[in-house]
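*Asks:* Can you keep this structure in mind? I'll have questions shortly.
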Amino acid sequence: MKLPQLIGSKFPELADHWDECQQLLTPLSVPAHTQLLMEGDVSQTIYIVVKGALRLWQAGDRQEITFQFFFENEIVSSFESFYLAQPSDCSLETLEDSQLLKLSKTDFETLCQRYPSLEQSMSRWISQRFITYRSRMLRQLQNTPIERYQALLEDEPELIDRVPLNELASYIGITPVSLSRIRKRLS
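Take the sequence shown: its position 114, counting from 1, is numbered 122 in this note's numbering, and each next residue is one higher.
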């Protein structure tokens, strides 16, 4: 999907204003394993992934916890931190060399002032993300590790090729050793 169509599909009020939006987006080339946001910092940026892979994660007591992965044509930020101007409870990092578009909070607020319905669209979009997180969380609690891995294979097979095994393990709530055993058992 091309960027203007992506923006228009998620935020219809911006569909006819791509030129203006494009002027507010800063292109970035970011190497793999770059921290874009550190846990405890306040998010001031929304990113659009043009090419590459990112993950949103938290440092747990015993191991990292990965909440979500983001790939081409996806929008990412620590939205709670971004909206509430409070320290983020998670970190954001690139997994691959990535091409991103960066929208600052100031420029986002400018767009919201010009197009008041943008906040409603953003709220709907964030609500959808919340619903996805909730479903995933329930699956994590209700399913066995093998069932979680099988659901990953079925629902998000692209992760297998693009995400390191230790981060896949943290995403489905198991250790890398357990993931290796499950993969061996299922092969």
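Idealized CB from N, CA, C, for every residue including glycine. Quick caveat, the model's predicted, so the values are computed rather than measured.
What residue range does the alpha helix (DSSP H) around Phe19 cover?
*Replies:* Element bounds for Phe19: n/a, residue is neither H nor E.
*Asks:* Is Leu103 closer than 8 Å to Val38 when the C-beta atoms are compared?
*Replies:* No. Outside cutoff.
*Asks:* Between Glu127 and Gly16, what straight-line distance do the alpha-carbon atoms span, to the nearest angstrom?
*Replies:* Computed Cα separation, rounded: 14 Å.
*Asks:* Is Phe78 buried or exposed, if buried means 16 or more other CB atoms sit within 10 Å of its CB?
*Replies:* By the 10 Å Cβ count, Phe78 comes out buried.
*Asks:* Please list the segments of the beta strand (DSSP E) lying wholly inside the stretch 50-138, counting only runs of 3 or more residues, in order along the chain.
*Replies:* Fully enclosed beta strand (DSSP E) runs of 3 or longer: 53-59, 62-67, 72-78, 99-102 and 106-112.
*Asks:* Is Val185 helix, strand or coil by DSSP?
*Replies:* Note: Val185 maps to helix in three-state DSSP.
*Asks:* Report all residues from its chain with a CB closer than 6 Å to the CB of Asn174; omit the five preceding and five following residues, and keep chain order.
*Replies:* Answer for Asn174: Pro184, listed in chain order.
*Asks:* Indicate whether the contact test is met: 3 or more Cβ pairs, each with one atom in the stretch 46-61 and one in the stretch 90-100, closer than 8 Å.
*Replies:* The stretch 46-61 vs the stretch 90-100: in contact.
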